[in-house]
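Asks: Residue 1108 in the numbering used here sits at position 50 of the sequence shown; the count goes up by one each step and never skips. Yeah, the Cβ is synthetic: ideal placement off N, Cα and C, and Gly gets one too. Since the structure is predicted, the reported quantities are computational estimates derived from the model, not experimental observations. Attaching a single structure in structure tokens format; questions to follow.
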Amino acid sequence: MQITQKPTCLTINVAASSMIKIRYQVSGNYEENNQFTLENSNRTLLARNDRTKEDNFKYFIQNKDKYYLCFKSLDGGYKMVSFDIDIAGVDKNYAQKDQLQNLTSILLKTSHNMQAIYRQQHFQSDRENTHALLLEETERSVKWCAALKIIVLLAISAIQIYVVYNFFKDKQFGPNV
1059 MQITQKPTCL TINVAASSMI KIRYQVSGNY EENNQFTLEN SNRTLLARND
1109 RTKEDNFKYF IQNKDKYYLC FKSLDGGYKM VSFDIDIAGV DKNYAQKDQL
1159 QNLTSILLKT SHNMQAIYRQ QHFQSDRENT HALLLEETER SVKWCAALKI
1209 IVLLAISAIQ IYVVYNFFKD KQFGPNV
């Protein structure tokens, strides 16, 4: 997620008597110029880290409440933050059966789309190769045709020079002509 000088906050719903651990890492320009805060629903500051490229928050949550994790850049530099939120006691079994079935159908559709793209790419590649061969063959034919035309024109010119030369060779041109 990109962070700017305007605070960007994430909402975290946490049960009572839980330990929340937040690990983060900043990358970009002037990575240390940032501020991270953890606040409760009343916007009371619970934890704060200033000017750190990477760090961990650990905070024990006593009451069930809505908490805000806020990121803010202290300068105008471009920054990205990566973070991991671990709440003790929360089930880490992320994939459920219904999610996997939905994922299977999505993957099948994606596979069909990928096969269609693959076939289309091969068609385009074959078409380009055919056109390249046709272009080379046409180019060779045009070269031969041009060479043949040049030879024919030179032959005609030579014949014309020969005929005109012989026509005027035997003629006598005197002062009367």
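Let's test the definition: count the other Cβ atoms within 10 Å of the Cβ of leucine 1096 and tell me whether it reaches 16, buried, or not, exposed.
Replies: Mapped onto the sequence shown, residue 1096 falls at position 38. Buried, by the Cβ-count rule.
Asks: In its own chain, which residues sit with a C-beta less than 8 Å from the C-beta of isoleucine 1061, not counting the 5 before and 5 after it?
Replies: Taking the sequence shown and counting its residues from 1, the one referred to as residue 1061 is at position 3. If we look at isoleucine 1061 and ignore the five residues flanking it on each side, its Cβ neighbours are Val1084, Asn1092, Phe1129, Lys1130, Ser1131, Lys1137, Met1138, Val1139.
Asks: Could you give the distance in angstroms between the alpha-carbon of alanine 1074 and the alpha-carbon of threonine 1066?
Replies: Residue numbering aside, residue 1074 sits at position 16 when the sequence shown is read from its first letter. Residue numbering aside, residue 1066 sits at position 8 when the sequence shown is read from its first letter. Going from the Cα of alanine 1074 to the Cα of threonine 1066 covers about 25 Å.
Asks: Could you check what DSSP says for leucine 1127 in three-state terms: helix, strand or coil?
Replies: Here residue 1127 refers to the residue found at position 69 when the sequence shown is read from its first residue. Residue state, collapsed to three classes: strand.
Asks: Pull the bridge partners of glycine 1134 from the DSSP assignment, please.
Replies: Looking up residue 1134 in the sequence shown gives position 76. The partner list for glycine 1134 (beta bridge, DSSP) is empty, contrary to what the question assumes.
Asks: From Leu1127, Lys1122, Asn1121, pick the residue whose C-alpha is nearest to that of phenylalanine 1115; which is it?
Replies: Position 57 of the sequence shown holds residue 1115. Looking at the Cα atoms, Leu1127 is the closest of the given residues.
Asks: Nearer than 6 Å: is that true of the beta carbon of leucine 1158 relative to any heavy atom of the ligand HEM?
Replies: The ligand content of the structure shown is nil, which means the ligand HEM is not present either.
Asks: On the DSSP letters alone, give me the boundaries of the beta strand (DSSP E) that tyrosine 1082 sits inside.
Replies: As a position in the sequence shown, residue 1082 is number 24, starting the count at 1. Counting along the chain, the beta strand (DSSP E) containing tyrosine 1082 begins and ends at 1076-1086.
Asks: Here's a check: name, in chain order, each residue in its chain whose Cβ is nearer than 7 Å to the Cβ of asparagine 1098, leaving out the five neighbours to either side.
Replies: Looking up residue 1098 in the sequence shown gives position 40. Cβ neighbours of asparagine 1098 beyond the five flanking positions: Leu1104, Asp1123, Tyr1125.
Asks: Would you list the one or two residues that DSSP bridges to glutamine 1060?
Replies: For this step, residue 1060 is matched to residue 2 along the sequence shown. Bridge partners of glutamine 1060: Met1138.
Asks: CB phenylalanine 1118 to CB tyrosine 1082, shorter than 7 Å?
Replies: Mapped onto the sequence shown, residue 1118 falls at position 60. Mapped onto the sequence shown, residue 1082 falls at position 24. Not a contact, by the Cβ cut-off of 7 Å.
Asks: Straight-line CA distance for isoleucine 1070 to arginine 1177?
Replies: Counted from its first residue, the sequence shown places residue 1070 at position 12. Counted from its first residue, the sequence shown places residue 1177 at position 119. In a straight line, the C-alpha of isoleucine 1070 is about 46 Å away from that of arginine 1177.
Asks: Can you tell me whether lysine 1207 is helix, strand or coil according to DSSP?
Replies: For the purposes of this step, residue 1207 is identified with residue 149 of the sequence shown, where counting begins at 1. In the structure shown, lysine 1207 sits in a helix (DSSP, three-state: H, G or I).
Asks: Mind checking which residues open and close the beta strand (DSSP E) that includes asparagine 1107?
Replies: Locating residue 1107 in the sequence shown gives position 49, where the first residue counts as 1. First-last of the beta strand (DSSP E) with asparagine 1107: 1103-1108.
Asks: Buried or exposed: which applies to lysine 1208, given that a residue is buried once 16 or more other Cβ atoms fall within 10 Å of its Cβ?
Replies: Locating residue 1208 in the sequence shown gives position 150, where the first residue counts as 1. Strictly speaking, residue 1208 in this sequence is isoleucine, with lysine absent from that position. With fewer than 16 Cβ atoms within 10 Å of its Cβ, isoleucine 1208 is classed as exposed.
Asks: Helix, strand or coil for phenylalanine 1184? Go by DSSP, reduced to three states.
Replies: For the purposes of this step, residue 1184 is identified with residue 126 of the sequence shown, where counting begins at 1. Going by the sequence as given, residue 1184 is aspartate instead of phenylalanine. Note: aspartate 1184 maps to helix in three-state DSSP.
Asks: From the DSSP output, in three-state form, read off asparagine 1224 for me.
Replies: On the sequence shown, position 166 is the one that residue 1224 refers to. Three-state DSSP puts asparagine 1224 in a helix.
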